[in-house]
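Read in order, the letters of the sequence shown are residues 8 to 225 in this note's numbering.
First comes the structure, then the notes that go with it.
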Amino acid sequence: MKKGLFITIEGPDGAGKTSIQKEAARILSEEGFHFELTREPGGIDIAEQIREIILNPKNTAMDARTEALLYAASRRQHLAEKVIPYLDKGINVLCDRFVDSSLAYQGYGRGIGVDQVFQMNQFAIQDTMPDLTLFMMLEPEIGLERINRNRAPGDVDRLDMEKIDFHKKVYEAYCDIAKKYPSRIEVIDASKCFEEVLENTVSAIRKYLKKLVNTIDK
Ligand SMILES: Nc1ncnc2c1ncn2[C@@H]1O[C@H](COP(=O)(O)OP(=O)(O)O)[C@@H](O)[C@H]1O
Ligand SMILES: [Mg+2]
Numbered sequence: 008m009k010k011g012l013f014i015t016i017e018g019p020d021g022a023g024k025t026s027i028q029k030e031a032a033r034i035l036s037e038e039g040f041h042f043e044l045t046r047e048p049g050g051i052d053i054a055e056q057i058r059e060i061i062l063n064p065k066n067t068a069m070d071a072r073t074e075a076l077l078y079a080a081s082r083r084q085h086l087a088e089k090v091i092p093y094l095d096k097g098i099n100v101l102c103d104r105f106v107d108s109s110l111a112y113q114g115y116g117r118g119i120g121v122d123q124v125f126q127m128n129q130f131a132i133q134d135t136m137p138d139l140t141l142f143m144m145l146e147p148e149i150g151l152e153r154i155n156r157n158r159a160p161g162d163v164d165r166l167d168m169e170k171i172d173f174h175k176k177v178y179e180a181y182c183d184i185a186k187k188y189p190s191r192i193e194v195i196d197a198s199k200c201f202e203e204v205l206e207n208t209v210s211a212i213r214k215y216l217k218k219l220v221n222t223i224d225k
């Protein structure tokens, strides 16, 4: 059975994940590589409902492990209902955030421990790991500034309310994770102008596709 490619985009808020995802998919589609776009937490109705609970600014009492479990539950549903059926049909998927977000935010940011959070997530994802992950590397201060500059008044979620130290921890965690999985994770300098980030992202995906074709040919 032909399987689709599963590519994820990671990085702090404001790094450009959502904008790059859309534009990269448009360019690649013009080159004949179609990607279905989706995002976490969410992407389908049940997971979007879980997303609302996680991000609701009123849920200040939420325990760190509850948060990690909710992300994993939403991830499971999204995989089962959307991502895996696409991949099984040979359709490529480009997903905004996946398990590395949990490792960085809950494992490291909330201090639960990266290994524990990964272990717990294995129940949810079984063996569905991304073929390639693009890490949009950006200092959190710059990301938060980008978001604040463009945000509608009052549009703040529970994770936005975290102090800068939390976002710095998340950023450091992402850097560690990228070092730990160098063959899966491609680091993109997201501090550059949008066009350059886009070009570097598309090049990284093209490079992966090329490598894949060469492996199949052999
Ligand atoms: N390379 C860039 N330079 C400057 N601004 C950017 C860049 N990439 C994205 N932005 C802007 O930053 C904001 C956050 O981008 P977004 O794609 O929503 O990031 P994310 O999904 O990672 O939170 C948007 O207003 C977007 O237009
Ligand atoms: Mg986004």
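Heads up, the beta-carbon is just placed ideally off N, CA and C, and yes, glycines get one too.
Because the structure is a prediction, the values reported are computed rather than measured.
Residues of the same chain with a CB within less than 8 Å of the CB of Thr-140, apart from the 5 flanking positions on each side, are Ile-14, Thr-15, Ile-16, Glu-17, Phe-105, Asp-107, Tyr-188, Arg-191, Ile-192, Glu-193 in chain order.
Taking non-hydrogen atoms of ligand 2 into account, the C-beta of Lys-24 is found less than 6 Å away from one of them. Not one heavy atom of ligand 1 is found less than 6 Å from the C-beta of Asp-164.
When C-beta atoms of the stretch 63–78 are compared with those of the stretch 30–40, fewer than three pairs fall below 8 Å, so the two segments do not count as touching.
By the Cβ neighbour-count rule, Lys-214 is exposed, with fewer than 16 other Cβ atoms within 10 Å of its own.
Counted as a single uninterrupted DSSP element, the beta strand (DSSP E) harbouring Arg-46 occupies residues 42–46. Contact check for Thr-208 against Ile-98 fails: the beta carbons are separated by 7 Å or more. Judged by beta-carbon spacing, Met-144 lies within the 7 Å limit of Asp-196, meaning their Cβ atoms are closer than that value.
Nearest C-alpha to His-41 among Asn-221, Asp-224, Thr-222, Ile-212: Ile-212. In this structure Cys-102 is buried. Its beta-carbon is surrounded by 16 or more other beta-carbon atoms within 10 angstroms.
Separation of Lys-24 and Asp-224 (C-alpha to C-alpha, rounded to the nearest whole angstrom) is 32 Å.
Here Lys-29 has Leu-44 as same chain residues with Cβ atoms under 8 Å from its own Cβ, once five neighbours each way along the sequence are excluded. Distance from Arg-82 to Ile-132 at the Cβ level is roughly 7 Å; contact confirmed, criterion being Cβ atoms closer than 8 Å. Looking only at Arg-165, Lys-10, Tyr-115, Glu-203, the smallest Cα-Cα distance to Lys-65 is reached by Arg-165. In the structure shown, Val-194 adopts extended strand secondary structure according to DSSP, grouped into three states. Inclusion of Ile-154 and Asp-20 in the CB contact set at 7 Å is warranted, their separation being smaller than that value. Note on the stretch 57–131: whole alpha helix (DSSP H) runs with a minimum of 4 residues are 71–85, 91–95, 106–109, in chain order.
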